[in-house]
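So the number in our numbering is just where the residue sits in the sequence shown, counting from 1, plus 94.
For each residue, glycine too, the CB sits at the ideal point set by N, CA and C.
Given the structure is predicted, the values throughout are model-derived calculations rather than measurements.
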Amino acid sequence: MYESLSPEVKQRIVQELVPGKQISLAHLIANPDKILYEKLGLDPSVDYAKSAIGIMTVSPAETAIIMADIAVKSSAIDLGFVDRFSGSLIITGTVSEVEASVQAILNYVKDKLGYAICEITRT
95 MYESLSPEVK
105 QRIVQELVPG
115 KQISLAHLIA
125 NPDKILYEKL
135 GLDPSVDYAK
145 SAIGIMTVSP
155 AETAIIMADI
165 AVKSSAIDLG
175 FVDRFSGSLI
185 ITGTVSEVEA
195 SVQAILNYVK
205 DKLGYAICEI
215 TRT
């Protein structure tokens with residue numbers, strides 16, 4: 095027979111983070127202001143009339159490396175930032191180039207890696 099825990103006995107609860115396989119943000123900024131490029135540390139010499147920024151967040155974070163590879167192979171974008179520790183990816187290019195890269199990434203991680211994906215949002 096088991097005895098119930100008395101009120102004096104403290105229970106220890108262990109919490110751990112188990113990240114899912116998902117892309118939680120896929121956003122395209124069309125025609126951003128020059129100041130946004132500067133504040134993000136991106137190349138300020140781009141043609142702003144034809145520019146776009148793509149921002150993505152993924153878990154597990156190391157997947158950002160794979161996403162960066164797919165991005166540069168799928169269209170003529172420039173890599174702005176890749177962080178394998180936070181899972182962030184920033185790409186730049188024309189609106190159509192950034193959109194093509196983001197869509198290629200979403201398709202690959204969903205179909206090949208079995209990740210949950212979000213829709214592409216825009217501003």
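query, result
"Is the CB-CB distance between residue 188 and residue 123 below 9 Å?", "no"
"Should residue 215 be labelled buried (16 or more other beta-carbon atoms within 10 Å of its own) or exposed?", "exposed"
"Quick one: any contact between the stretch 159-172 and the stretch 181-196, if contact means 3 or more CB pairs under 8 Å?", "yes"
"Within the continuous beta strand (DSSP E) that includes residue 151, where are the two ends?", "146-153"
"Of all the options 201, 153, 172, which has the alpha carbon lying nearest to the alpha carbon of residue 178?", "153"
"Would residue 174 pass as a contact of residue 159 if the rule is Cβ separation under 9 Å?", "no"
"For residue 150 versus residue 119, is the C-beta distance shorter than 9 Å?", "yes"
"Buried or exposed: which applies to residue 191, given that a residue is buried once 16 or more other Cβ atoms fall within 10 Å of its Cβ?", "buried"
"In whole angstroms, give me the CA-to-CA distance for residue 117 and residue 102.", "45 Å"
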